[in-house]
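First comes the structure, then the notes that go with it.
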Amino acid sequence: MQNTTSRINQLWFLTLLLLLFFALATAWLDKPFTGHHDWDNVLYTHAVRNYLKFGYSDLGYIQVYSPLKSLPDDLDRSGAYVYRHNPPTLAILQSLSVRAFADSEAFIRLPNIIITLFSITIIYQLSKAMYGRRTAVRVTFFFAFAPLVVYFSRAVNHEAGNIFFVNAMLLAYLHWTRKKQPSSLAIAHMLAFAGLWFGHFMAFFLVFFFIYGLIWGTSEEKIAIFTICLAGFVGFATWITYTTKGFDSYILEEFEEIFTQRTSTSAGDSATVESFNTLDYLGRMLLRISYGFSFFGFLFALFGIYSLYKQGMKRQDYLIWVHLIAGLVYTTLWRNATWIHDYFTYYVVAPLAIWAGYGLHIVWPHGSTKPRNRPQLYAWGGLIGHVVLVMAVSVVLIALSNRSFLTVADLVAERTTEDERIATNLPYRGPHIEFYAERTISFDVKFDVNQLDEVFTTRGYDFYLVCNLREAPNWPPQVTVEEAKSCYAVRPR
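Numbering (the working numbering), first residue to last: 979 to 1471.
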């Protein structure tokens, strides 16, 4: 009876965690795409609208990040921003969301939040299979409320889906090793295949999963792991050959260029190149991991690793190390991108959360919420610190960051060098606007000050940027003028 009550309480707690995460992730869901990482959202909005305008098959299911007015005969040589470096699955899911609901920021973001909820549920199931239900609840807390997970659940990136497929495949494989059910092994194969139709990370994981099988697997497990890896390879080969029309030379050159760029040790464009060495890179990654997972969660994870080592490592424990090493290699190989962007450190959050949950369970094995000794008192303080950090990240990075109009104007002004008046249609809402333009600002439409009524009413622009003037003109009373870098940002009152 006591065991049943404890199980019910843990399920209620898990449900509460999922509801709290959903509330936190969907707060400000319709916030404009003006944050540091929202350029991905902007680009995917282009891809979604192109799918809905021209159809999936006519575009060859390819993601096109430029707003197309008509369908060119040759996308690759049309000058459009054609993106082939990731499968189109995420963009297609977003287009289905927009088709079902509305064309707005909220429904561009919604699929990623739902995928993250599935990822949270899977990590609960995986950690329960490995270390029991109580540990699983603690693991879920650390994963769901890691600052990186909360923040990037709202950003249109592949990280949440990649983690879901890897952990789901691991869970199916573990079930097969224990019960030897063919259905579990078949599911593991399908998830490895599907994972490569979602993003790249599954490929990196399968490489180290294969090495794990060679070292620790039985003869039967070696064969199973080999065939799972083969299923992943087939998944990779099918999407890459389909979207590149069989590896034509143009696409191979593009892949070579991006591989060279991503693996370089300099970041930025030609005007602002920032070089870094290995120590610089490792220092930045450690800092990002400590605040992206939280410093307090990181300490719990270290204690969890120590506890597992002290008790004697089992074969299943090495699977978490496989996950971590794959994530570290992935971020290190793409070091140019990870130097600039912090979302690649997302791939180390799941193993750290599992270790942190295990460490907390060792310190706090009972179900009471009151600390009973000094270590538990310290753990209680660490949990409070973790929650405070998560809330701070949520408020600062989601609620407050880039909410001001001037931030948007500054963003555009940084990319503006012409000594002329420039209008840009960077909108604040989606449905009634033709397209977003954040990193793809168009400077080819030019107006003078006397045409502001046309700019704001007929054209639908949200603001008007006037740059590099010697003195401010005599602005009409119907506009608000604010300074933005070397420009004036003008908007309707």
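All C-beta atoms, glycine included, are put in the ideal place defined by N, C-alpha and C.
Only a predicted model underlies this, so the values are computations on that prediction, with no experimental measurement involved.
Check the Cα spacing between S1097 and each of L1148, R1293, G1057 and T1113: the tightest is with L1148. In the structure shown, A1058 falls within a coil segment according to DSSP collapsed to helix, strand and coil.
If you check the CB distance, Y1102 and T1113 do not come in under 8 Å.
Just so you know, the alpha carbons of T1309 and F1276 end up roughly 18 Å apart. A residue is called buried when at least 16 other Cβ atoms come within 10 angstroms of its Cβ; N1090 meets this threshold and is buried. For F1187, the closest alpha carbon among the candidates T1205, W1175, F1176 and A1172 is that of T1205.
Per DSSP, the beta bridge partners of T1458 are R1469. Of the other Cβ atoms in all chains shown, fewer than 16 fall within 10 Å of the Cβ of W990; this residue is therefore exposed. Taking all protein chains in view, the Cβ of I1340 is crowded by 16 or more other Cβ atoms within 10 Å, so the residue is classified as buried. DSSP lists Y1061 as the beta-bridge partner residues of Q1041. Separation of the CB atoms of L1286 and D1295 is rounded to 5 Å, and the pair is thereby assigned contact status at 8 Å. Contact between the segment 1052 to 1059 and the segment 999 to 1010 is absent, with fewer than three C-beta pairs closer than 8 Å. Judged by pairs of C-beta atoms under 8 Å, the segment 1118 to 1133 does not touch the segment 1157 to 1169, as fewer than three such pairs exist. Only residues of its own chain outside the window of five on either side were considered, and among them V1341 have a CB closer than 6 Å to the CB of P1353, listed in chain order. In terms of Cβ geometry, I1093 and T1023 do not form a close pair [threshold 8 Å]. Going by DSSP, F1079 is part of no alpha helix (DSSP H) at all; its letter is neither H nor E. Note that the C-beta distance between D1018 and N1135 is below 8 Å.
In terms of CA proximity to Y1061, I1218 leads the group Y1325, K1200 and I1218. Between the segment 1331 to 1339 and the segment 1269 to 1284 there are three or more C-beta pairs closer than 8 Å, enough to call the two in contact. Between A1138 and A1170, the beta carbon gap of about 18 Å keeps them out of contact (Cβ cut-off 8 Å).
Secondary structure of A1124 (DSSP, three-state): coil. If you check the CB distance, L1367 and S1272 come in under 8 Å.
Within its own chain, the residues whose Cβ lies closer than 7 Å to the Cβ of P1125, once the five positions on either side in sequence are excluded, are Y1269, G1270, S1272, L1367, V1368 and V1371, listed in chain order. Each of C1207, W1194 and M1263 was checked against the Cα of K1292, and the nearest Cα belongs to W1194. Rounded to the nearest whole angstrom, the C-alpha separation of H1153 and K1106 is 12 Å. Going by DSSP, S1161 is part of the alpha helix (DSSP H) stretching over P1160 to L1174. With respect to Y1325, F1143 sits apart: the two C-beta atoms are not nearer than 8 Å. For L1046, there is no enclosing alpha helix (DSSP H), as DSSP gives it neither H nor E.
Bounds of the alpha helix (DSSP H) holding F1143 are E1137 to K1157. Ranking I1298, G1363, A1467 and T1216 by CA distance to the CA of Y1190 puts I1298 first.
The straight-line gap separating the alpha-carbon atoms of A1467 and V1020 is approximately 21 Å. The beta carbon of L992 sits closer than 7 Å to those of Y1102, V1115 and T1118, all from its chain and outside the five residues before and after it, given in chain order. For the options W1453, C1207, M1108 and L1037, the alpha carbon positioned closest to that of F1182 is the one of C1207. For G1360, same chain residues with a beta-carbon under 7 Å away, outside a window of 5 residues either side, are F1274, L1277 and F1278 in chain order.
Per DSSP, reduced to three states, the secondary structure at T1309 is helical. DSSP, reduced to helix, strand and coil, places T1067 within a helical segment of the structure shown.
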